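Novice: The sequence shown runs 1 to 322 under the UniProt record's numbering.
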Amino acid sequence: MTATMNFPSRLPGLLGIRHPIVQGGMSWASSSAPLALAVSRAGALGVIAAGPMRPDDLVEAIRAVKAGTDAPFALNVPLYNKRSAEFLDIAEAERVPVIIASQGGPKALPRFRAYGAKWLHVVASPLHAQKADAAGVDGLIVVGGDAGGHPAPDEVSAMVLVRAVVKAGVKAPVIGAGGVADGAGIAAMFALGAEGAQLGTRFLMTEEASVHPAYKEAVRRAGLSDTTLVGRGGLPVRQLRNLFTAEVDAAERAGHAKELLAELYMSRTLKHAALEGDVERGKVEAGQTAGLIDDIPPAAEVVAKLVAEAEAARLRLAGGAA
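(1) Do the stretch 45 to 64 and the stretch 15 to 26 make contact, defined as three or more Cβ pairs closer than 8 Å?
(2) Does DSSP classify G196 as helix, strand or coil?
(3) Could you work out which residue in V39, G183, A164, A38 is closest to E311 when comparing CA atoms only?
(4) So A197 and M189 are supposed to be a Cβ contact under 8 Å. How far apart are they, rounded?
(5) Would you report the Cα separation of K82 and L199, rounded to the nearest angstrom?
(6) Let me confirm a value: S102 is counted as buried when at least 16 other C-beta atoms fall within 10 Å, else exposed. Which label applies?
(7) For the stretch 191 to 269, list the alpha helix (DSSP H) runs that are entirely contained and at least 4 residues long, ordered along the chain.
(8) Of the residues A38, V77, A209, which one's Cα is nearest the Cα of P52?
(9) Note the first and the last residue of the continuous alpha helix (DSSP H) segment covering G13.
(10) Please classify Y265: is it buried, with 16 or more other beta-carbons within 10 angstroms of its beta-carbon, or exposed?
(11) Could you tell me how far apart the beta carbons of E208 and L35 are, in whole angstroms, since I believe they sit closer than 8 Å?
(12) Just the Cα atoms here: how many angstroms apart are R41 and E280?
(13) Assign M1 to one of three DSSP states: helix, strand, or coil.
(14) Could you name the residues of the same chain whose beta carbon sits closer than 7 Å to that of R314, not counting the 5 residues immediately before and after it, in chain order?
(15) On the three-state DSSP scale, how would you describe Q103?
(16) So which of D133, L127, D138 has the shortest CA-CA distance to G116?
(17) When DSSP builds the beta bridges, which residues end up paired with residue 323?
(18) I'd like the span of the beta strand (DSSP E) that includes L292, first residue to last.
(19) With a threshold of 6 Å on Cβ separation, who are the neighbours of P126 within its own chain once the five nearest residues in sequence on each side are excluded?
(20) Taking contact to mean 3 or more Cβ pairs, one atom from each stretch, closer than 8 Å, check whether the stretch 56 to 67 and the stretch 172 to 182 are in contact.
(21) Report the rounded CA-to-CA distance for residue 324 versus E86, giving the unit in angstroms.
(22) Would you please state the rounded distance, in angstroms, between the beta carbons of E285 and H212? I believe it to be under 8 Å.
(23) Which residues in the same chain as A214 place their Cβ atom closer than 7 Å to its Cβ, once the five residues preceding and following it in sequence are excluded?
(24) In this structure, what does DSSP give as the bridge partners for W28?
(25) Would you kindly work out how many angstroms separate the C-alpha atoms of A222 and R202, rounded to a whole number?
(26) Among R238, D56, N242, which has the Cα closest to the Cα of D156?
(27) Excluding five sequence neighbours on each side, which residues of the same chain lie with their C-beta closer than 7 Å to the C-beta of A300?
(28) What number of angstroms, rounded off, separates the C-alpha of M1 from the C-alpha of L306?
(29) Spatial neighbours of G16 within its chain, please: C-beta separation below 7 Å, excluding the five flanking residues on both sides.
(30) What would DSSP say about A114, mapped onto helix, strand or coil?
(31) Considering only residues of the stretch 133 to 182, which uninterrupted alpha helix (DSSP H) runs meet the minimum length of 4 residues and lie entirely inside it, listed in chain order?
(32) Report the residue from H121, T69, I100 whose alpha carbon sits nearest the alpha carbon of V170.
(33) Grouping DSSP H, G and I as helix and E and B as strand, with all else coil, what is L275?
(34) Quick check on the burial criterion: 16 or more other C-beta atoms within 10 angstroms. Buried or exposed for P106?
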């Protein structure tokens, strides 16, 4: 019998999933079918990351997930991306059941409501959460500064930010993201008033995540203080410290002009690390939870363990057997 998490949440009924757990949409790591498919089969919400994908590859990945499971899955679309309109057109044509949008407003929401899709919106402040909520989104993914990739630019942690959004009185269910690596972290998000949790780095560190083995090994070796934020003042990225981040830090300390800093920041990409395995000079995106993770199991095992750990945490806090 499949274990369950007995936390109050609207997400299973809203999204058609068994567990209120969302796999973070991670460029390259989930820009293909295997990870999203494995997570959705396991009862959580698997997510394809459209960001770096070519249109034909995106269609192929969506259809592969559909062919592999009847369970819901999501497409993550960064709205600032120059191809975001094309991504949304593909999602609509392929009838993707859940859209996760970030870095922009939910203007396209009515198109997806028309065929019954759900829209989750990524936010990084109470104000943005209130605006998205007022627009009628189905859920809010609140990302703290401890998350990998592009977290809250003001670096407020998920522990504080999630609570602030809940206290702001939004009506849509809140999904906490950042700093969650296990079931205890999921339970903490519920304690803050969230109704689910999104995990990125934990699912990055699975067999199905499609990044270079050197990337996973670098994250596996990372300690609690081995991530940093680069690109402050623009679209910052949390990644592992390496030669690239040291170069950026030295340039900032030397007081180089913003234009030179921006050129340096753009000189290296996530692709260099994720596909080519250059973990010394590429952007090895990972959250602070890298310091809590030291294994690379199948994604289905991760989901099952998260559910069991979260329920054990709930029982422990309730004074029952854990």
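The C-beta atom is built at its ideal place from N, Cα and C for all residues, glycine as well. Quick caveat: nothing in here was measured; it's all calculated off a predicted structure.
Specialist: Once the coordinates are examined:
(1) Contact holds: three or more Cβ-Cβ distances are below 8 Å.
(2) strand
(3) G183
(4) 5 Å
(5) 26 Å
(6) buried
(7) Here the runs fully enclosed are 201 to 204, 213 to 221, 243 to 253, 258 to 266.
(8) V77
(9) Counting along the chain, the alpha helix (DSSP H) containing G13 begins and ends at 11 to 15.
(10) buried
(11) 4 Å
(12) 35 Å
(13) Bear in mind that the predicted position of M1 carries a pLDDT of just 45, short of 50, making it too unreliable to give a figure here.
(14) Non-local C-beta neighbours of R314 in its own chain, meaning closer than 7 Å and more than five positions away in sequence, comprise N6, F7, A187, ordered along the chain.
(15) Three-state result, Q103: coil.
(16) D138
(17) Residue 323 is absent from the structure shown; the chain starts at 1 and stops at 322.
(18) Per DSSP, L292 belongs to no beta strand (DSSP E) and is neither H nor E.
(19) A164, V165, A168
(20) no
(21) Lying before the first or after the last residue shown, residue 324 is absent from the chain, which here runs from 1 to 322.
(22) E285 to H212, Cβ: 13 Å. No contact.
(23) G277, V279
(24) DSSP output for W28 lists no bridge partner at all.
(25) 13 Å
(26) Reading the sequence as shown, one finds Val at residue 156 and not Asp. Answer by Cα proximity: R238.
(27) A38, R41, A42
(28) Low per-residue confidence applies at M1: pLDDT is 45, beneath 50, and the placement is therefore not dependable, though the value from the model is reported in the following sentence. Rounded to whole angstroms, M1 to L306 spans 16 Å at the Cα level.
(29) P72
(30) A114 falls in the coil class under three-state DSSP.
(31) 158 to 167
(32) H121
(33) Three-state result, L275: coil.
(34) Buried, by the Cβ-count rule.
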